[in-house]
Every structure is written in structure tokens, then in C-alpha cells.
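S.K.:
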Amino acid sequence: MSDIILSHVEKAVGDHTVLKDFSHVFPEGEITVIRGASGCGKTTLLRLISGIYTPDSGEITGVPQKLSFVFQEDRLAEDFSALSNIRLVTGKSVAREEIERHLDELSLREVMKKPVRDFSGGMKRRVAISRAVLFDADLLLLDEPFKGLDQELKKTVMDYVLKYTRGKTVICVTHDPAEEDYLGGNLLIMKGKGRNAT
Amino acid sequence: MTKNKRITLYKLLSILLALLVWQFVAMRVNMDMLLASPVNVLARLFSIWREPGFFSTVLFSLLRITAGYLAAFLAAVILGIAAGRLPILEWLLWPYVVTVKTVPIASFIILCLLWMDFDLLTVLISFLIAFPVIYSNVLAGIKNTDPKMKELAALYHVPWGRTLLYIYLPSVKPYLLSAAAVSVGMAWKAGVAAEIIGLVDGSIGERLYQAKIYFQNADLLCWTLIIILLSVLSEKLFLLLLKAVGKGVEKL
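Residue numbers (our numbering), protein chains in the order written: chain C, 430 to 627; chain Z, 289 to 540.
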């Protein structure tokens, strides 16, 4: 593992240039919180780092092979249980007891066998976060992961993320200064077209 | 009265009225060999099943149509999934699927009569009529799978088997159920048509043909009712089975 380095990255989505000459270093094993106005390229940046997008120019290095991503949407297999949704990405590599323990920490143990289509928005969010954490990746990308959670639950889920990602590289996009303070770590403020001010 | 009860009542009244119209027309025609009355058809229905050979005739057609349908179902699901993943396969299969969809089934029946054993005719025709419907629906289900879920699977390097089970199959399920609901009835209609044209010994089609040449109109309508009953029963049972399999998969 090493730092994730973006050098002079440019990316256009359709006709719109989202990132222009963007450079930044995300330190290995640390949390970086990204803040910025809507449309400034935060999600595009995560998608570039994850490899979903390829940069039009510039270079991205140091991204580990195994990474997990909490998208803005939950992206759950709605007909399946919370347990199955986690198994979808982990397979048998994580013991069932381990998954149950994680879901218990997020107050989902009682409902873990029910189809997630019956879950509330907050419950689905917790499943998506737990799935990303249990994948045990070296890099965790979080795109507004705590959106829609009430204050108390948000704190529980942030504690959960902090507990299980210690020593890993975490990049988290948020609009909420309170989340930014709670998560700590490095702060990257993005301005128009990805011009960054740290 | 609730809306559902009112709808059921209207349907029952419509059926009753249609039966009365049928009875009235049959009485006006007054020739059983041209149009048997519903009362006579019903009476024939209660006597026909006691005749020797009834069950073997039903079983003969049932087994062949079911075999053809199940083979079509399996082939269409496997090839539909494969073609959804491999565009080249979709193009390779395209001429066959379009041909089977557009060529009149009677032409296929006659062609098959030249090429093969009469016993297999029903199986093949049921297969041919059901395959394109199921295949096209499976393919549409695969193509309409949520791209965000596919992106998730790629990002997490989810193996193909798990992606199929958790992401593709839930997307295919509604398409498959609607295809099954339509194609079972089609397989029955085409299968029996093949038996009539091919005069397949010991089949329901043969009994229909005999009823026609001997002007046994009550028998003709009675066998028609039996075909409808078998078709609806097969459809309901198959849909139940599919839904049960779907529920089983969701519990994995």
C-alpha cells in the first residue's frame, strides 16, 4: 500500500469538464474528508479513484486492488436479506458469526434475514455501509454515506466506520461540517472544477 | 359490496349470459352436429372421461407438450442469459429466433412431418413456439438489469455465479414470469394443432380431428374445454413452481 496520488487529472462527463488539472495526495492509512459545493466533482473524484472512470489526462497511482465503495444510493439486491447482500460481495470469506456481529453493532441483527426491500432508508444505508466495511478492503470510498440517518444513529454508524477502518485509507465525501469534525483526519475542500484548497 | 366482489359478480353474470346466448343459438340451429348446446357439452364432459383411452390420450399429449415446453424453457433461459452477456451469441441466434417467430407454425408442422417421427412432432412444435417468447424475455431482463448494480458487482469483483444469482436473476424474474404465463398456453395451442395436422396417433389432436370428421360437435367442444383446462392448469402449476423456486433463491 502507498499514498494515492492524483497528478494533473482532468475529467469531463459529457460536454462538462468536471475536474481540471486536479492534483492531490491522499495519505495511506488515513481518513480524508472531502467537502465542496454540489457539482464541484467530489463524486467524479471518487469514481476516478475507484477506477469506474478513467481520467481524460493526468495520472492516478497508489490505488490498491481491493477497495470498497459506499455509493450515494444503497445499491442493494432488494429481494435478498441483509445477510445475502453482504455475502454478495464477501462470499464465504467472512464467517457468518462475524457478519452477525457487525449487523448487531448496527442494530440490524433482528432483521438480518428479512428482504431489504422491507427496510427503511436508514436500515438500508447501514447494510450498505456494513457491506463495504466487511469487504475488508485497503481503501474505503464513502460518498455521502451518512445521508438520511438521524443524529444519534449517525454517531453510531460513524463510530462503527472509525472502529473498523483504523489503519486503512478512507476517503469520505460529506456536506455536513459536523460529520467532518467527528471523523477528523485530513480535509480537502474542493472548489469549482476540482480546484482544491486543503 | 367491495369492488373486487362486484367485479367477480359482473364476470359471473357475463359468463352466464354468454352461455345463455350459446344455448339459444344452439336451439335455433337445432342440429347438434353443427353446434352442440352447452348442456350437451357439459353432459359429454361427464361421460367422456369414463371412456377407454381417455386418460392415455390426455397423458400422451400432456407429456409431449410438457416435454417440449420444459426443453424450450431450459434452452431459452440458458441461451437468453448467455446472449445477454455475449452480444455475438445474440447476433448468432438472431436469425433462428426471428425465423421461428415469423414463419407460420403450420409451415413448421408440415416441414417437421417430412423430417421426423410423428411421436416427436408435438414435442418439437411446443418447443419452437415457446422458445422465442421465453428467450426474448430473458434477454430483455438481462439487458434491463440495473447498471448501478452491475457496476457494484464489477467494483467488488463479484464472481459471475453470484452476480447472476443476486443481480441478474431478480431482474429477469418478472420477465420470465410474464413469458411463462403467455407461453404455456401457446405451447398447448400449437402442440394440439400439430397433432391435428400430423394426425398423431393416440393424441388429443387426433380425437379432435375424429370429432370433426364424424360431425361429433359435442365431442369437439368437449375436447376443446379439456385442452383449455389442461392449459390453464399447466400454466398455474408452472407459475407456482417458478415462484417457489424464486422464493427459495431469495432465501439463499
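C-beta: ideal position from N, C-alpha, C; glycine also. Values in this document were obtained by computation on a predicted structure and should not be read as measured data.
Report the rounded CA-to-CA distance for A441/Z versus G341/Z, giving the unit in angstroms.
M.R.: Distance between the alpha carbons of A441/Z and G341/Z is about 56 Å.
S.K.: Which one of G372/Z, R294/Z and C510/Z has the shortest CA to CA distance from K431/Z?
M.R.: Per the Cα distances, G372/Z.
S.K.: For T594/C, which three-state DSSP category applies?
M.R.: Reduced to three states, the DSSP call for T594/C is coil.
S.K.: For a contact meaning CB atoms closer than 9 Å, what does R504/C contact in chain Z?
M.R.: D434, K436, M437, E439 and L440, listed in chain order.
S.K.: Whose Cβ in chain C lies nearer than 7 Å to the Cβ of V391/Z?
M.R.: Chain C residues near V391/Z: none, gap ~38 Å exceeds 7 Å.
S.K.: Taking a cut of 8 Å between CB atoms, which residues from the segment 411-430 of chain Z lie near chain C?
M.R.: Residues passing the 8 Å Cβ filter: none.
S.K.: Just checking, does the segment 584-603 of chain C make contact with the segment 549-563 of chain C on the three C-beta pairs under 8 Å criterion?
M.R.: They touch, by the three-pair rule.
S.K.: Can you give me, in chain order, the residues of the segment 534-558 of chain C that have a beta carbon less than 9 Å from any beta carbon in chain Z?
M.R.: Answer set for the segment 534-558 of chain C: K542 and P544.
S.K.: What residues in the segment 564-575 of chain C have a beta carbon less than 7 Å from any beta carbon of chain Z?
M.R.: Against chain Z - using a Cβ distance shorter than 7 Å - the residues of the segment 564-575 of chain C are F564.
S.K.: When you compare the CB positions of I492/Z and T345/Z, do they come within less than 8 Å of one another, or not?
M.R.: A contact, by the Cβ cut-off of 8 Å.
S.K.: If you measure beta-carbon to beta-carbon, which residues of the segment 461-490 of chain C are closer than 9 Å to chain Z?
M.R.: The segment 461-490 of chain C vs chain Z, Cβ under 9 Å: S479, G480 and I481.
S.K.: Along chain Z, in chain order, which residues have C-beta atoms closer than 8 Å to that of S522/C?
M.R.: In chain order: nothing, as chain Z lies at least about 11 Å away.
S.K.: For S335/Z, which of helix, strand or coil comes out of DSSP?
M.R.: Note: S335/Z maps to helix in three-state DSSP.
S.K.: How would you call N505/Z, buried or exposed, if buried means at least 16 neighbouring beta carbons within 10 angstroms?
M.R.: Buried: at least 16 other Cβ atoms inside 10 Å.
S.K.: Taking Cβ positions only, does V492/C come closer than 8 Å to chain Z?
M.R.: Not an interface residue.
S.K.: Along chain Z, in chain order, which residues have C-beta atoms closer than 9 Å to that of F517/C?
M.R.: According to the sequence provided, residue 517/C is Leu. The question's Phe does not apply to it. Those within 9 Å of L517/C in chain Z are L440, A441, Y444, V446, R450, T451, L453, Y454 and I455.
S.K.: Check the C-beta distance from L544/Z over to A469/Z and give it rounded, since I have them as a contact under 8 Å.
M.R.: Only positions 289 to 540 of chain Z appear in this structure, which leaves residue 544/Z out of reach.
S.K.: Please confirm whether G479/Z and R352/Z have their CB atoms less than 8 Å apart.
M.R.: Cβ distance < 8 Å, so G479/Z and R352/Z count as in contact.
S.K.: What does E628/C pair with, by DSSP beta-bridge criteria?
M.R.: Because chain C spans 430 through 627 in this model, residue 628/C falls outside it and cannot be assessed.
S.K.: How far does the beta strand (DSSP E) with I460/C in it extend, from its first residue to its last?
M.R.: Its beta strand (DSSP E) spans residues I460 to G465.
S.K.: Does the CB of F509/C have a neighbour CB from chain Z at under 8 Å?
M.R.: Yes - at least one Cβ of chain Z is within 8 Å of the one on F509/C.
S.K.: May I ask you to list the residues that DSSP assigns as paired with H453/C?
M.R.: L435/C.
S.K.: Please say whether L617/C and T473/C have beta carbons closer to each other than 8 Å?
M.R.: In this structure, L617/C does not lie closer than 8 Å to T473/C by Cβ.
S.K.: Only counting the same chain, and skipping five residues up and downstream in sequence, which positions put a Cβ closer than 6 Å to that of K495/C?
M.R.: A566 and D567.
S.K.: Whose Cβ in chain C lies nearer than 9 Å to the Cβ of P458/Z?
M.R.: Under the 9 Å cutoff, chain C gives A506, E507, D508 and F509.
S.K.: Do the CB positions of K612/C and V499/C come within less than 8 Å of each other?
M.R.: Position check: residue 612/C holds Leu in this sequence, whereas Lys was assumed. Their beta carbons are not under 8 Å apart, which means L612/C does not touch V499/C by this criterion.
S.K.: What is the residue span of the beta strand (DSSP E) that M619/C lies within?
M.R.: Element bounds for M619/C: N615 to M619.
S.K.: I need the straight-line Cα distance from K542/C to R504/C, nearest angstrom please.
M.R.: Answer to the nearest angstrom: the Cα atoms are 18 Å apart.
S.K.: For T512/Z, write down the residues that DSSP places opposite it in a beta bridge.
M.R.: DSSP lists no partner for T512/Z.
S.K.: Using the Cα positions of E529/C and L569/C, report the straight-line distance between them to the nearest angstrom.
M.R.: Their Cα atoms are separated by approximately 21 Å.
S.K.: Using the three-state DSSP reduction, which class does P544/C fall into: helix, strand or coil?
M.R.: Three-state result, P544/C: strand.
S.K.: DSSP puts D572/C in a beta bridge; with which residues?
M.R.: According to DSSP, D572/C bridges with V602/C.
S.K.: Report the CB separation of G534/Z from K438/Z in whole angstroms; it is logged as a contact under 8 Å.
M.R.: With a Cβ gap of about 20 Å, G534/Z and K438/Z do not count as contacting.
S.K.: Leaving out the 5 sequence neighbours to the left and right, which residues in its chain are closer than 6 Å to V518/C when beta-carbon positions are compared?
M.R.: If we look at V518/C and ignore the five residues flanking it on each side, its Cβ neighbours are R560 and F564.
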